[in-house]
Amino acid sequence: MWIAENWKDYEILDCSEGEKLERWAKYTLLRPDPQVLWKTPKKIKEWRKLNAHYHRSDKGGGSWEFFDLPEEWTINYDLPIVRNDSEKGGERDELTFHLKPFSFKHTGLFPEQAVNWDWTYSLIRKRINETGKNVKVLNLFAYTGGATLAAAAAGAAVTHVDASKGMVGWA
100 MWIAENWKDY
110 EILDCSEGEK
120 LERWAKYTLL
130 RPDPQVLWKT
140 PKKIKEWRKL
150 NAHYHRSDKG
160 GGSWEFFDLP
170 EEWTINYDLP
180 IVRNDSEKGG
190 ERDELTFHLK
200 PFSFKHTGLF
210 PEQAVNWDWT
220 YSLIRKRINE
230 TGKNVKVLNL
240 FAYTGGATLA
250 AAAAGAAVTH
260 VDASKGMVGW
270 A
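Under this note's numbering, read the sequence shown as residues 100 to 270, first letter to last.
Written out as structure tokens, the structure reads:
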């Protein structure tokens with residue numbers, strides 16, 4: 100299993116009864132997650148100090164309840180250091196994401212995809228280092244753009260495509 104180990108601004112704090120408690124930079128969000136089937140004691144203080152809570156509706160969809168959350172904010176993700184990368188010289192590239200709560204429970208980012216960003220970034224850096232050639236990437240299911248940003252940070256020329264016009268505009 101691949102694990103995204105370079106997050107400083109995101110973590111899952113706890114989960115119970117169909118909900119996931121997350122830290123996005125300095126903000127704590129509670130969102131539904133259908134994969135959380137267990138019931139555990141909600142002992143940590145963050146359960147009581149939410150910045151936003153998404154409530155699912157019985158009729159589908161849902162809505163956010165805000166306590167103290169800006170309209171938008173940013174978080175950062177550190178990309179991996181690629182061994183023998185002569186251009187980067189042991190320095191990390193960092194991705195910065197702009198977030199906001201969308202009406203359908205998302206924030207504009209899927210942090211669990213960070214392992215794919217790491218893989219994409221490392222593969223492209225390795226290819227550039229070994230061949231000296233330019234890399235072109237066609238990202239056909241680009242959605243909010245995490246993989247697109249990772250590929251671009253690695254030095255690739257990227258074409259970002261998705262069927263969701265609103266998400267392409269956000270990316």
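Beta carbons are placed, not taken as given, at the ideal position from N, Cα and C, and that holds for glycine.
Return yes when the Cβ of residue j is within less than 8 Å of the Cβ of residue i, no when it is not.
| i | j | result |
| --- | --- | --- |
| N233 | A250 | no |
| Y126 | P210 | no |
Hey, how far is the Cα of residue i from the Cα of residue j?
| i | j | result |
| --- | --- | --- |
| K141 | I180 | 37 Å |
| P200 | W172 | 10 Å |
| K235 | L128 | 36 Å |
| N134 | K204 | The sequence as given places Gln at residue 134; Asn does not occur at that position. Using only the alpha carbons, I get a separation of about 15 Å. |
| H259 | R147 | 39 Å |
| G98 | T243 | Residue 98 is absent from the structure shown; the chain starts at 100 and stops at 270. |
| R130 | E229 | 43 Å |
| M196 | R226 | Inspection of the sequence shows that residue 196 is occupied by Phe rather than by Met. Rounded to the nearest angstrom, the two C-alpha atoms are 26 Å apart. |
Can you tell me which of the three DSSP states residue i falls into?
| i | result |
| --- | --- |
| N238 | strand |
| K225 | helix |
| N215 | helix |
| S149 | Reading off the sequence shown, one finds Leu at residue 149, where the question assumed Ser. In the structure shown, L149 sits in coil (DSSP, three-state: anything other than H, G, I, E or B). |
| L198 | strand |
| G244 | coil |
Have a look at the DSSP bridge pairing and note the partners of residue i.
| i | result |
| --- | --- |
| E193 | D177 |
My assumption, with CB atoms under 8 Å, is that residue i sits in contact with residue j. Please give the rounded CB distance.
| i | j | result |
| --- | --- | --- |
| A255 | W216 | With 8 Å as the limit, A255 and W216 do not qualify as a contact, their Cβ atoms being about 12 Å apart. |
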